[in-house]
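Chains as they are written, first to last, in the numbering used here: chain A, 1 to 443; chain B, 444 to 782.
Remarks on the structure that follows.
As C-alpha cells, then:
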C-alpha cells in the first residue's frame with residue numbers, strides 16, 4: 001500500500017511528502033479497510049450460515065428483507081444497536097464493560113497478518129503465524145472476564161469451559177501448524193503461501209514443476225493430517241457446533257454471554273463470527289494456498305512489484321481480483337463446511353471433548369511433526385546434514401520417497417491411535433450399556 | 444413385523460460394521476443430501492428431500508372448514524335480520540368472560556324482545572375456544588376464519604356489534620359443510636315440533652293460549668274495521684322509528700313464505716325426489732302459517748310485492764325460507780300479543 005501511496009503522491013502529483021507521512025497514510029487506509037471489512041464479513045456470514053443451515057434442514061431461511069434476504073443482517077444490526085443495555089446489579093461493572101472489547105480487539109488484530117491476495121497483506125511479519133495464534137489466545141482472557149464479571153453461575157461455567165477448551169485445543173492447532181513451519185522453514189504467512197506454488201508438488205521442493213499455483217500442502221500426507229487436526233481444533237476454538245460446549249444453550253443458557261444484551265452481546269457475536277472467518281481464512285491460506293491458484297502467479301509476475309517496477313498496473317488489478325476471488329471462495333467453502341458439520345453432528349460432552357483433544361489429536365499431531373521432520377530430511381538435507389545416501393536421487397524421487405514414507409507413518413499412527421481411542425471409548429460405552437441392561441431387563 | 448406390546452425393541456443399527464469415522468461421514472452425507480435437495484420444492488409428503496416451506500404472506504394454505512379463530516355474529520343476507528336473540532348463553536359460558544350483551548327492549552312497553560342492541564366481544568382476551576358458538580341455540584354466533592388481526596392498540600380489538608356482523612352467505616362460503624349441518628338441524632327440529640304440536644310450530648307452550656286469544660281478538664278487530672292503515676315499507680336493515688324490526692322481519696318473511704309456498708306447493712310434481720312428502724308438507728304448513736300470522740299482525744303482503752327475480756325452485760331454499768318465515772311470524776305474533 002505504501003508504494004502505491006508513494007507513487008500517487010510523490011510521482012504523479014510531485015508533492016515530495018516525507019516517508020513517514022506516506023507510511024502513516026498507507027497504514028491509515030489499510031486500517032480503515034480492515035475495520036470496515038471485519039464487521040461486513042460478520043454480517044455476511046450470519047446470513048450465509050442461516051441460509052445454509054436452513055437449506056440443510058429443508059427450510060428456506062431468511063429471505064424477506066431485500067432480494068434473497070441480503071439486508072437481513074442490516075436489519076439485525078439495527079435491532080441490536082437499539083436494544084437496551086442491561087448490566088446486572090451484582091456484576092463487576094468495569095470488567096463487565098471491558099470484556100467484550102477484550103474479546104473483539106484480538107480478532108481485529110489477527111487481520112494484520114492475513115494475506116488477501118498477491119502483495120495484499122497489511123503487514124508481512126516474519127513471525128506472522130506466531131502472532132496470529134498468540135493474539136487469538138488473548139480473547140480467552142476476555143471470555144473469562146465476561147463470565148466472571150457477570151456473577152452468574154451459567155456465565156462462569158461457560159467461561160471456564162471456554163477457556164479450558166481454547167487452551168486445550170490450541171495445542172493440537174499449533175502443533176499441526178508446526179509441522180508445516182518445519183517444512184517451509186518460515187513463520188511468515190506470506191512465505192507459506194509462496195511455498196505452495198506448483199502443481200500438486202510444490203515447486204520449491206521440486207524446481208522443475210510448473211507453477212500453476214496448485215502446490216498446496218493438502219496434497220502431502222503431512223499437510224493432510226495437519227489439515228484434519230487443525231480444522232477440528234479450529235472448530236473447537238471458534239466454538240462451532242460439535243464443540244460449542246461453552247455456550248451450550250440447552251445446558252447453560254448462553255454461557256459467558258448470558259448476562260450481556262444489546263451491542264455488548266453484539267460484540268461477542270461479532271468476535272465469534274470474525275474469529276470463525278479468520279480460522280477458515282487461515283485454513284485456506286496454510287493448507288489450500290490462500291490466493292494461490294491457476295493464473296494468479298503468472299498475472300502477478302507481469303504486475304508492478306518491488307521486483308518488477310516496469311509492470312503494467314492492469315496486471316496488479318487482475319492478479320489482485322483473481323487472488324482475492326480464490327482466497328475468499330476457499331474461505332467461504334470452509335465456512336460452509338463448518339455449517340455443514342453444525343447441521344450434521346450433535347454436541348460433545350465436555351469429557352469427550354477433553355478426551356478427544358488430549359488423547360487423540362495431540363499424539364496424532366506430534367507424530368505428524370516427526371513425519372514433517374522426515375519429510376524435510378528426505379527432500380532438503382544432504383551429506384552435510386548426515387544424509388549422504390539421498391544425494392544421488394533426483395528431486396522428484398526424493399519427493400516421492402518422502403511422500404511414501406510420511407504417508408506410511410501418518411496412516412500407521414492414525415490407525416493405531418484410532419484403534420486405541422475407539423477401544424477406550426468402547427470400554428466406556430460397554431459400562432454404560434451394562435448399566436442400561438441392568439435397568440431395562442427387569443422382569 | 445410383529446411388535447409385542449410392553450417389550451423393548453432393540454433396533455439393529457449395524458454398529459459393529461462401521462469403521463472409525465465412518466458414522467461421521469454417513470451423517471455428513473445425510474445432511475448434504477438434504478442441502479442439495481433443498482433447491483426444489485416438494486409437491487407432496489412422499490418426497491423426503493426438498494423444502495416444504497409455504498412462504499406465508501405470498502402464498503397461503505387453504506384453511507379447514509372447522510378452523511376457528513374469533514367469534515362473529517350472523518345476520519340474514521336479504522332481510523338483515525340478526526339471528527342473535529340476546530339469550531346470554533354465550534356470555535355465561537365464555538371462559539375469559541369477554542362477551543357482553545345488552546338485551547333489546549321494546550321502547551313502548553319496556554319489555555325485553557329477543558334481540559341484542561349491543562354485542563361486544565373483546566378479541567384481545569378471547570381465547571378462541573369456540574364454546575360460544577357451541578352453546579348458541581340460534582346458530583347466530585360462529586367462529587370466523589380471519590387470523591390477521593393485529594392492531595396498533597388494544598382498544599381497536601374490542602369489537603362491537605356492527606364490526607361483528609357477518610352475512611350468513613359469508614359463513615356458508617367459508618364453512619359450507621358446517622352450515623349445511625346447521626340447516627339440517629333446524630329442519631329436524633321443525634319436523635319434531637310439527638309432529639308434537641301440529642298447530643303451534645316452534646312456539647313455547649306457555650304462549651300458545653295467549654296467541655290463540657290474540658288471534659281471535661285480531662280477527663274480531665279486522666272484521667270491525669276492514670280499512671287498516673298499511674304501514675309504509677322501509678329499508679330492511681335500517682332501524683325504523685315506526686316499524687319495529689320484528690314487524691319488518693315478519694313482513695319480509697311473509698313475502699318469502701308466499702314465494703316458497705308457490706314454489707313448493709303450487710306444482711307438487713316439481714318437487715325434487717329427495718324431498719319427502721312430510722318435509723314438503725311441513726314447509727307448506729309453515730309457510731302458510733307464517734303468512735297468516737304476518738297478515739294478522741297487520742303487515743299484510745300482497746302477492747304483487749313478490750320479487751320477480753326469484754331463483755328456480757329450490758326445495759331446500761324454500762324449506763329454509765319457510766323456517767325463517769315461521770320464526771318471524773312467531774315473533775310478530777308475540778309482538779302483537781304483548782301489545
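Don't be surprised by glycine CBs; every beta carbon is placed ideally from N, CA and C.
Neighbour flag for residue i against chain B, beta carbons, 9 Å
i	result
residue 341/A	yes
residue 344/A	yes
residue 63/A	yes
residue 446/A	Examination of residue 446/A is not possible in this model, given that chain A is present from 1 through 443 alone.
residue 149/A	no
residue 444/A	With chain A covering 1 to 443 only, the question about residue 444/A has no answer from this structure.
residue 52/A	yes
residue 418/A	yes
residue 10/A	no
Cβ separation of residue i and residue j, assumed to be a contact under 8 Å, to the nearest whole Å
i	j	result
residue 219/A	residue 231/A	Incorrect: roughly 16 Å between the Cβ atoms, too far for contact.
residue 290/A	residue 193/A	4 Å
residue 493/B	residue 481/B	6 Å
residue 583/B	residue 621/B	With 8 Å as the limit, residue 583/B and residue 621/B do not qualify as a contact, their Cβ atoms being about 14 Å apart.
residue 215/A	residue 294/A	With a Cβ gap of about 12 Å, residue 215/A and residue 294/A do not count as contacting.
residue 512/B	residue 590/B	5 Å
residue 364/A	residue 225/A	7 Å
Interface flag, residue i vs chain A, CB-CB below 9 Å
i	result
residue 481/B	yes
residue 517/B	no
residue 504/B	no
residue 464/B	yes
residue 633/B	no
residue 769/B	no
residue 765/B	no
For residue i, three-class secondary structure by DSSP
i	result
residue 570/B	coil
residue 196/A	coil
residue 219/A	helix
residue 238/A	coil
residue 425/A	helix
residue 588/B	coil
residue 515/B	strand
residue 543/B	strand
residue 444/A	This structure cannot speak to residue 444/A, because chain A is shown only from 1 to 443.
residue 152/A	coil
residue 349/A	coil
residue 342/A	helix
residue 548/B	strand
residue 640/B	coil
residue 207/A	coil
residue 559/B	strand
9 Å Cβ cut-off: residues of chain B touching residue i
i	result
residue 56/A	474, 475, 477, 478 and 481
residue 59/A	481, 494, 495 and 496
Distance between residue j and residue i (C-alpha atoms, nearest Å)
i	j	result
residue 328/A	residue 568/B	53 Å
residue 429/A	residue 333/A	35 Å
residue 262/A	residue 79/A	8 Å
residue 268/A	residue 379/A	45 Å
residue 143/A	residue 44/A	24 Å
residue 67/A	residue 31/A	31 Å
residue 127/A	residue 483/B	49 Å
residue 241/A	residue 235/A	7 Å
residue 506/A	residue 534/B	Since the displayed chain A opens at 1 and closes at 443, residue 506/A lies outside it and no answer follows.
residue 90/A	residue 64/A	40 Å
residue 752/B	residue 522/B	At residue 752/B, the pLDDT of 45 sits below 50, so the modelled position is not reliable; the number obtained from the coordinates is stated separately. Spanning the two alpha carbons is a distance of roughly 16 Å.
residue 434/A	residue 58/A	38 Å
residue 18/A	residue 88/A	52 Å
residue 445/A	residue 95/A	The shown model of chain A, from 1 to 443, leaves out residue 445/A, and the question about it has no answer.
residue 21/A	residue 272/A	35 Å
Interface residues of chain A facing residue i [CB-CB closer than 7 Å]
i	result
residue 471/B	340 and 344
Within-9 Å CB hit, residue i to chain C
i	result
residue 467/B	Absence of chain C from the displayed structure is noted, the protein chains being A and B.
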